[in-house]
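Keeping their order, the protein sequence lines are chains P and L. Residue numbering for the first sequence is 4 to 987, as defined by the numbering used here. Residue numbering for the second sequence is 12 to 494, as defined by the numbering used here. Ideal Cβ placement from N, Cα and C applies to all residues, glycine included. Worksheet: one structure, shown below.
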Amino acid sequence: MRPPLLRLTTLGFMLLSGAHAAPDFSAEQIAFFEKEVQPILQTNCVKCHGGTNERGDVKIRSGFQLISRRGIVKGGGLGSAYNEAEPSESVLLHMISYKDDEHEMPPSGKLADADIATLTRWVEMGMPWTPGEADKLIEVEEDNHQITTINDYTKSYWSYKPLKRPEIPKVSASEWQAHPIDAFVMAKLEEAGLQANPQAAPRALIRRAYHNLTGLPPTPEEMRNEVEAFSETSWQALIERLLDSPHYGEKWARHWLDIVRYAESNGFERDSVKEFIWRYRDYVIDAFNHDKPYDQFIREQLAGDELDEVTAESLIATGYHRLMQWDDEPADPLQHRYDVLDDNVRVTTEGFLAMTMGCARCHDHKGDPISQEDYYNFMSFFSNVTPMDKQKVVQHIDISLPKEERLRRERDLDEREQSLIRQIMVLEESAKQKLAKQFPDIDLTGTTTSSPTLIAPSQEHPQTWAYTSTQPPREWSTVGFRPSDWQIGKAPFGQTGDAKTRWNTPQMWMQKTFGLTQIPTRLTLSIRHHGDVEVYLNGQLIFASERPAKDYREIVLDKSALTAIQTGRNVVAVTCKHPKGRERFLDLGMRADFAGKAFAKLLRQHRDQAFTEIENRNYRDFNRQLEKVREQRQQSGIRAMMVQETGSDPKPMFVHLRGSAHAEGDEVEPAFPAIFAPPSPSISDASEGKTTGRRRALADWIASKDNPRTARVMVNRIWQHHFGRGLCPTPSDFGFLGEKATHPDLLDWLAAEFMARDWSIKEMHRLIMSSKTYQLSSHGQEAALAQDPQNNLFWRVEMRRLAAEELRDTMLGVAGALNPKQGGPSFYPTLPPEVLATSSTGAGKWGKSSPEEQRRRSVYISIKRSLKPTFLTDFDFADTDAPCSARFTTTVPTQALAMLNSKEVNDHAKRLAERLKKEVDGTVRDKVVRGLQLVTTREPRPAEVTRVMEMITILREEHQLSDDEALERFCLLALNLNEFIYLD
Amino acid sequence: MIGASPNFCGRTRRDFIHSAAGGFASVALAGMLGRDGFFHQAQASGFANPLMPKDPKLPGKAKSVIFLFMYGGPSHMDTFDYKPAMYPLDGKTIEVKTFGRGGKKNQGRVVGPKWNFKQYGQSGKWVSSLFPNVATCVDDIAFLHSMTADSPIHGSAMLMMNSGSLISGKPSLGSWVNYGLGSPNENLPGYVVMLDKSGGPISGAKNWTSGYMPASYAGTVFRSQGDPILNLKHTDGMSAGEQRTLLDCLNHMNEGHLKERFDNTNLAARIASYELAYKMQATAPEAIDIDSEPQYTKDLYGLEEKQTSDFGRKCLLARRLVERGVRFIQVYSGGAHNDANWDAHGDLEYNHNLHAGETDLPIAGLLKDLKQRGMLDETLVVWGGEFGRQPTAEYAKGTGRDHNAYGFTMWMAGGGIKGGTSVGETDELGARAVRDRFHVKNLHATILTQLGLDPNTLSYFYGGLDQKLVGVEGADPIHQVIA
């Protein structure tokens, strides 16, 4: 499908010479070059810069040719390698000097000093070269010029040209004329002389609709009613009902989460949690459920903080900018800052515009008319966003409340939480003592660390900290940062009598490290501060408070603090501001508990020996209250991870030569990709200095009806998730390297319709699902299979395997065990020890959720970059590090092993067996019938039931299984049926 | 067959067809023919197994790779990179540029090598007393003393060594090998990872991910004790007979379902995958059943010694897996954090005595065993960590060394590698590579080359780009060590 002119692997080249005026050199100078200099270049440089390899391919790394004087003057990715005015300042000499870590040539090692001296002398001479060869240059002729520049051809390519609503074609099959989608599809089929399949049976259609819109199956009863009433009206009513179901958003949000590579941790060594990021997931689910107009959906995610009307919801939506992987200890902090921005440029351009703009980071795009300048123009829309290591990425969002009210509310919850924890701890401490006496063999301290005090507060033992009063670099709180030029002083810091180190500046920063040999189960902070304070652990914010504490407060930190901690070296970093009108004061300590697991287990087993009856009641009661308070804290919308800018006055942004942040090229300004002949961005700052308004301008352009890509891209995705593939089969690449749309006119018509219907996604579902095309059967047809085996013309609807989440949810569903609870923090499914063992912290950073929580829908499973539930990955869960526009559907034996042997699937089978026993009062055969009804949503054929009964008999008689066990085996079989896992 | 399948693994067949430019589709098709058993049957039903064995494009010496991953970063100047000038400097503070976990520094207190070196073999290679057994194999080994990497921080450096990039999301080396060559044994995974007893490395499964490729190319964690593969045994212990009964009924019902959907190759593939799973349950335990190995082999790997038995068992399993056609095997020495791996920040002697003590004999045993069985020629063994260590102390006291990506040592043996050679040099302190510097990408390029894959054309189309393990710029193999 790719245009024949595009051949990236072949470099056409020819040698050019003459015409270029080089200065005249003396014979000695030329002899010096030929004798002394040329051999050095030949040995060390030419191989990669203008030479040929064993196969005869020319290699010109960085576009730089060292085969002639002209080549050096022309230069490569870093510009001219020769400085005519100041030859000793030439890039060529800088590279070979090895003075700059980022730029060292040749890469295999520094040249001998004598060689460097020779080259230096030669450059300072003005680079004499053999006459006649000084201008030799290999002309690199990239024969894809036609598609990488802005010209009539590229401008008129289907996805670059402006959108116009096409005429609906006339077809001879009159019943295909009424619905425009059908007319477009049939026109192509008639052209190819193919017949469409007949309409699918009602049963297949109904199951298709349920799964397609909600990711869940109908119950046998729903199926019976729908089949009995099946008509055009009932079909429409069914679609309406399913679109109204809250499960609709849970299904369709996941498609979007794939594109934005949604995950809830940062990756790398600590893989710490992205706090509250689940609110973004809930935002997406709600957006689909409430049919938020797509243009609004775009604006809120890209610029929810810069809109005319900023709401809590629009702020949560900007969590979009925080989803990427992020290294809190990068080898090259500057470069990594742009890696993060690059990640967001890629997601934004691929996700909304189906442009692979990321390819233009290092050089102009090789297959699309996108220049490197376009790329950096685009990046500058985002360049003023606060980096992740600024850490203030978690913000208060309940903006409807005045600040005092918000603080009061938060304080109430804080206090209630802490007081409950204290009461629970008192009870646990006494229980621990009792149990320790009774079970002397069990180590209830659970620790190998001698002292659980990580940092003593000053009343116990004043600690030494590194501190500074001048704004430290951005990464001051991270593990990689060493405060080598900070001062050293003893806590407490402040102006009061008990302060040991004087502090009289507006703000101060301090840092201290401690070592650990195992991950604790609880961390407690003891803190007294008079001004606003923030406490970081290994770069992650673990405590922030805007209200002064005149006395020491004990704060049991929540679980996220534990995800930041590591064995070995840990860094605690604190900053505190001068409290207005008060004396400065700051001191803190930190304590760890390790007792967790052994004690919890013992307590579970011997509750009666650990507690008196009253204690036991109180313990239960406190825990229940605590859970409620925590839920309230999560639910009341207090905090979320979101985007913020560093102010309204952005630092200048430059092209990065060869993608390196250390090699700045020309300055750039925010601008849209030139190929679209776009307007200039209208950027206005209405935020009173808080933000630039740049992302708002970008969002407005993307969400505009004049944008030739936006509507096309989204309707294509909607089509894709109805039919299994998009009208353009490469949904995130509408460029020349993507595949061409099979039905470009239909795509354009749908895009026009999408905008005409106010960007309503639900309207598109209605439109598509009411077509004959959507309702076709999935059966094979000899003629069509021969001519169009890939179903490019949509003569049938492809069968579809359930996606990983759907499969899990459907198993829970048919077992009658699905917990329909919506939204809120993610849950942790229990993972087998073998899987936990693959993590460097074992179970240390994987949470624990109640059995009820674990029966929630899969979209609520916690997504940790370094540790994913194998059931999901076995069934082709989307990778979390790059946009996933279409999931794979692999069929491999590990899936069969998981479906047959895993505890997880066998638990579903057991629950299904329990359900059958409870709901069916009759014989085993009756239970089998009901079981088959549940998984296939149809009446089983007698022969099928007989075959299953045969199996049950063999299991009982030959393998001595009990009735219950045999029923469980049947349930396992039922969940493994192709009919269960594939939809017609 | 490809034509009958509407798409390749759910994405457009573009990924697949695109690689045809590199000659793979046709090779893949050829490889799909003529297999017996399962694939024959599967082929008739149109099962497009992504791991179908493929012939290499170029003549390659190696058929399999065993990557012995010394996670945490072993010290080169205390193992294989002899630096006599360092001994007298012990304890002296000198000017030297370093970059590690503790940031960039310009001076430090030298920690002299803590072990003595001796010369071994015909090549006269200097090896420290940490590896007296590996030392007896030096004439089969090519040492790369001038390795460099882009990051001296575990998280990103691990990703770099395993997938060629500091950022995650790229397929790992083993995935590329399986993508390029497939795997000849359909009853075992083609890419196996054995982790240390103390746990996984930082980033866990990211180290053996298939990234943007289908999950079929990802590494499978293989345990040396108990059930080697997850879910290999039924959670409540269903017997094989019982399972057969169940599978017979399942097949019957699935065949019935297929009858009306004759053209759907995925359904047929799914039926076939259950039979394959059934066979794997018998094959995989057999692969780890080392009772049949003779005593002298067990001794060779140090199975009877407490210190070496764990890693020895993994090395022996690696050989057995190679014999069974597994394409890429990675064995970790070290897991979790700090002294549970080679990350010697505190007490260098304690740390390296521990890890070298656990691995020296087994590694030598593996090399000797492969050699005497005539397997070394076709098996490429790679040894090394994600980086090396600094010549200076990390802290004011003690012998701990911080990370060093400016220069470190790795070695390769077998699989067409020229034994008894050493290439590249670090400076006299081992602080950085100064001569013939090689990048991780050159190591990757060498491994692919030895397998008959061209590192500069083996590509996978994703995100608008022909992605390669060695990056868009490409990288050359290390010719000096290729026999």
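- Glutamate 332 of chain P reaches chain L at Ile164, Gly166, counting residues in chain order whose Cβ is nearer than 7 Å.
- Counting along the chain, arginine 282 of chain P sits inside no beta strand (DSSP E); it lies in the alpha helix (DSSP H) bounded by residues 281-292.
- As DSSP reads the structure, aspartate 380 of chain L sits in no beta bridge.
- In chain order, Leu958, His962, Leu964, Arg972 make up the part of chain P whose C-beta sits under 8 Å from the C-beta of glutamate 253 of chain L.
- The way I'd put it, the segment 106-113 of chain L does touch the segment 408-420 of chain L; three or more beta-carbon pairs between them come closer than 8 Å.
- Judged by pairs of C-beta atoms under 8 Å, the segment 690-704 of chain P touches the segment 306-316 of chain P, as three or more such pairs exist.
- Taking every protein chain shown into account, the CB of arginine 585 of chain P has fewer than 16 other CB atoms within 10 angstroms, so this residue is exposed.
- Within chain L, the residues Asn242 have their CB atoms less than 7 Å from the CB of alanine 901 of chain P, given in chain order.
- Counting other Cβ atoms within 10 Å of its Cβ, proline 466 of chain L reaches 16 or more and is therefore classed as buried.
- In the same chain as phenylalanine 657 of chain P, and ignoring 5 residues on each side of it, the C-beta atoms closer than 8 Å to its own belong to Tyr379, Glu667, Gly668, Asp669, Glu670, Val671, in chain order.
- Contact check for alanine 424 of chain L against aspartate 151 of chain L passes: the beta carbons are separated by less than 8 Å.
- Chain-order list of chain L residues neighbouring cysteine 362 of chain P: Gly475, Leu476, by C-beta distance under 7 Å.
- Counting only Cβ-Cβ distances below 8 Å, methionine 291 of chain L has contacts in chain P at Pro896, Leu900, in chain order.
- Bridge partners of phenylalanine 657 of chain P according to DSSP: P:Glu670.
- For glutamine 790 of chain P, the uninterrupted alpha helix (DSSP H) segment begins and ends at 785-790.
- Taking CB atoms only, leucine 69 of chain L has no neighbour in chain P less than 8 Å away.
- At a beta-carbon threshold of 7 Å, the residues of chain P lying near threonine 246 of chain L are Asn904, Ser905, Lys906, Asn909, ordered along the chain.
- Glutamate 971 of chain P: member of the alpha helix (DSSP H) spanning 966-979, first to last residue.
- Going by beta carbons, leucine 243 of chain L and alanine 295 of chain L fall inside the 8 Å limit.
- Taking CB atoms only, lysine 217 of chain L has a neighbour in chain P less than 8 Å away.
- The Cβ neighbour count for valine 481 of chain L, taken over all protein chains shown within 10 Å, is at least 16; the residue is labelled buried.
- For glutamine 491 of chain L, there is no enclosing alpha helix (DSSP H), since its DSSP letter is neither H nor E.
- Glutamate 87 of chain P counts as exposed, since fewer than 16 other C-beta atoms from the protein chains shown sit within 10 angstroms of its C-beta.
- In the DSSP assignment, isoleucine 63 of chain P is bridged to P:His52.
- The criterion of a C-beta distance shorter than 8 Å is not satisfied by threonine 152 of chain P and aspartate 371 of chain P.
- DSSP places isoleucine 105 of chain L inside the beta strand (DSSP E), whose first and last residues are 104-111.
- For tyrosine 471 of chain L, the beta-bridge partners assigned by DSSP are L:Gln478.
- Taking the Cβ atoms as the reference, proline 460 of chain P lies roughly 5 Å from serine 529 of chain P, within the contact range of under 8 Å.
- Assigned with DSSP and collapsed to three states, aspartate 330 of chain P falls in coil, not helix or strand.
- In the displayed model, serine 162 of chain P falls within coil according to three-state DSSP, outside both helix and strand.
- Between the alpha carbons of serine 735 of chain P and glycine 196 of chain P lies a distance of about 31 Å.
- Using a CB distance below 7 Å, the part of the segment 558-591 of chain P facing chain L consists of Gln569, Thr570, Gly571, ordered along the chain.
- Around alanine 912 of chain P, the same chain offers Glu971, Cys974, Leu975, Leu978 as residues with beta carbons nearer than 7 Å, after the five sequence neighbours per side are excluded.
- Comparing alpha-carbon positions, the option among L:Gly175, L:Asn196, L:Ser179 lying closest to tryptophan 187 of chain L turns out to be L:Gly175.
- In the displayed model, asparagine 117 of chain L falls within a strand according to three-state DSSP.
- DSSP places glutamate 360 of chain L in the helix class (H, G or I) of the three-state scheme.
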